[in-house]
Amino acid sequence: MTASAKPRVLVLGLDGATWILLDPLLAQNKLPTLGKLIQNGSRCALRSCIQPSSEQAWSAFATGKQNGKFGLYGFYQRSQNSYALEYINASHRRAATLWRILSDRNKKCVVVNVPLTWPVEPINGALVSGLMTPGLNSEFTYPPGVKNDLLRELGEYIIDVDIERGETETGSLGHLVARVRRMSELQTRAFEYLLDKNPDWDFAMLVHRAPDILCHKFWRYQDPTHPLYDEREAAQWGSVINDCFEYLDAYNARLLEKYAGENTTVIVLSDHGFGPLTHAVYLNLYFAQRGLLAYKEQSGSTLASALRAGVKRLNNPLIAAAKSKVFEMLPQLKSNLHYSMAYGNMDWSCTKAYAVGTMGNVYLNVRGREPQGSIETGDYETVRDEVIATMRELQDPETRRPIFDFVYRREEIYHGDALDEAPDVIGLIDGPYHIAAVDWRGVSASHNVVEKVGNQLLFVSDTSGQHRMDGILIAKGAGISLHRSITPSPHLIDLAPTILQLLGEPIPTDMDGHAVNGLIADKRMVDYAPAVKFENAMDGAYSDAEQKEIEERLAGLGYLG
């Protein structure tokens, strides 16, 4: 165990972890590492940001700010003066990260696999980027030489795993499971290597992406209430998610044994929770049915008919080889067709509002702001009120439950210099519904707006788990309260100021989060520092090849809808 007299903070991220899954495992003593941390520290739910998606949530954690200040609202943003979408990365973030702030104060940091850390920024220590990194051919480490050091030390490295070629059929799920575990092992070893190379570290952080990847894909196999649950498949794949938490618990035990000394505070957290995904919601179709969106023609149905015919033919056993080839190409097909199917057939001159992405972000089509805007500036609030009322009326036809838990005007939840880039209306889903950006059924007013999973085409993402707002927080160590009930639940943006306080560092006044009341045992004074002046000078433009790789990976993970 590394001994150090100075205060340290070690953060272990379990992307997508939820108490719904962890508590039964803890009760069976199958997660002894987490169990000991809880026994000697405190635990609570941790509220995510809006929207509860990894690229936004980890940015909220890293900056201590809400989206209106760090400027990200999804995996992609609208191109200027265009309806086209471009994929985001760390160069689009408008606020300083915790490790940047600490580095500027001469604190040493080791950061591995935090989503949206590419392009890598220079820090005092070492950084290995995570989700949204184009691939191993990119410069994904700082210092740059760390890349070759890791490859030489580990033999290989995996940045992220998607549901990629050969991993979309049930018969090859075993390869995906093994690949995810191998990724977690390599990233843990990379973290150990860098901590050993930087023994005087002050702040260290590793994010395990495995729970998120596997919960998206395997929820159906361990949840008997899920519409796609099958006993035979569950017997084979039903333990995958629990197995993942168990091997991550063992990896984390190794880290704590080696690096968590007496003056180290250990924080385990997730960026959001998880639950079942049972229904796809075709929000743009709903807008079309309500007169808020228009299509040029029914041309999309021709493509959908062709796809359906192709899928039917794939059921012919004589062309099983062709079927495997289509599955192999699935992410590429989805990414290539995504934009044209989602937005290419819209009649912008008659469209007032349209949804972008899979979370409920809605933009109005404003004249003078959008290239073919149809709403006069003076009618903006009237139309926005209509959109909000329309979204609030949308219900699950079986249960009559509202699809959206809340529908917000952007200024109701965001503030800051990037507010003008936010969606005009934000619908928050904290339940089993997923916005389908692409309607592979084709354009038809007769189609259902809310469709149970399993009723869609082959090309709809094969995901059965969906993000939830409540993640997890565990803290143990120097200065942490013992068994303290922390209410109300803290938010992700509260962690950066909490960590600064634990390290004895002043908190920038422009952070939206606050040090978590009740988590820190001693009544130490909270010091504040002037707002951090931040200019993002990173060159983050993806090349065409990198853009394609990112798009295919997001398609494989189900994030393109």
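In this text, residue positions in the sequence shown follow the working numbering: the first is 23, and each later residue adds one. Using N, Cα and C, we set each Cβ at its ideal position, and we do this for glycine too. Note that this is a predicted model, so its numbers are computed, not measured.
Short Cβ contact (9 Å threshold) for residue i with residue j
i	j	result
G366	L68	no
D245	S75	no
H238	N135	no
R406	D446	yes
A82	H513	yes
L56	I496	yes
E20	K280	Here the chain covers residues 23 to 583 and nothing more, so residue 20 does not appear.
G38	Q73	no
S70	G395	no
T380	P298	no
T210	L277	yes
L522	I123	yes
Y564	N111	yes
R431	I410	yes
V31	L291	no
A84	L120	yes
D265	G35	no
V199	L236	yes
Nearest to residue i (by Cα), restricted to the options the options
i	options	result
I425	V183, Y304, A543, D293	Y304
L176	V429, Y251, M205, E161	M205
Q88	D37, G63, R116, G476	R116
W80	R30, Y109, N128, M154	M154
P54	T520, N274, F309	N274
I515	D37, A200, L43, G86	G86
W223	D566, L270, I145	I145
G157	T163, N170, I181, G167	I181
Q488	L59, D234, V142, Y179	D234
V538	T520, A551, T531, V548	T520
I448	A375, I508, Q417	A375
R546	A500, K570, K555	A500
Y317	L44, A200, S466	S466
G540	V554, E568, I508	I508
F92	L307, G63, L138	L138
N51	E143, T404, A272	A272
K219	L34, C131, A567, A458	C131
Y251	L216, E408, G476	G476
V384	E420, A459, E557	A459
L416	V378, N387, G147, E473	E473
S468	E403, S511, R312, D293	R312
S371	L517, E408, L315	L315
S194	F240, E143, D534	F240
E420	T300, V142, G260	T300
E161	E573, E568, E574	E568
A302	R463, I435, I289	R463
V202	F267, A226, P141	F267
D549	E557, A543, H536	H536
P530	K555, P221, D427	K555
Opening and closing residue of the beta strand (DSSP E) in which residue i lies
i	result
S64	64-69
R422	It is not in any beta strand (DSSP E) - R422 carries neither H nor E in the DSSP assignment.
I42	No beta strand (DSSP E) holds I42; the alpha helix (DSSP H) holding it covers 41-49.
Y376	375-378
F428	428-431
L53	From DSSP, L53 is part of no beta strand (DSSP E); its letter is neither H nor E.
G38	It is not in any beta strand (DSSP E) - G38 carries neither H nor E in the DSSP assignment.
Y385	383-386
N- and C-terminal bounds of the alpha helix (DSSP H) containing residue i
i	result
V409	402-415
E175	168-176
I448	Element bounds for I448: not the alpha helix (DSSP H) but the beta strand (DSSP E), 447-450.
L7	The chain is shown only over 23 to 583; residue 7 falls outside these bounds and no answer can be derived.
E473	Element bounds for E473: not the alpha helix (DSSP H) but the beta strand (DSSP E), 472-474.
N89	89-92
N306	305-311
I521	517-524
W370	Element bounds for W370: n/a, residue is neither H nor E.
Chain C within 9 Å of residue i, Cβ atoms only
i	result
S194	The displayed structure is made up of one protein chain only, and chain C is not part of it.
Contact test: residue i Cβ vs the ligand PLP heavy atom, cutoff 8 Å
i	result
Y376	For the structure depicted, the ligand PLP is absent and the ligand set is empty, with no information on it obtainable.
### Complete beta strand (DSSP E) runs within the stretch 479-509 (minimum length 3 residues, chain order)
487-490, 492-498
### Query
Mind pulling the alpha helix (DSSP H) runs of 4 or more residues that sit fully within the stretch 224-302?
232-244, 253-259, 262-281
### Whole alpha helix (DSSP H) elements within the stretch 96-162, 4-residue minimum
120-126
### Message
Contact between the stretch 385-402 and the stretch 119-133 is defined here as three or more beta-carbon pairs at a separation below 8 Å; is this criterion met?
### Response
no
### Message
I'd like to know if the stretch 440-460 and the stretch 281-288 are in contact, where contact means that at least 3 CB-CB pairs between them fall below 8 Å.
### Response
no
### Message
Pairs of beta-carbons, one from the stretch 448-458 and one from the stretch 106-115, closer than 8 Å: are there three or more?
### Response
no
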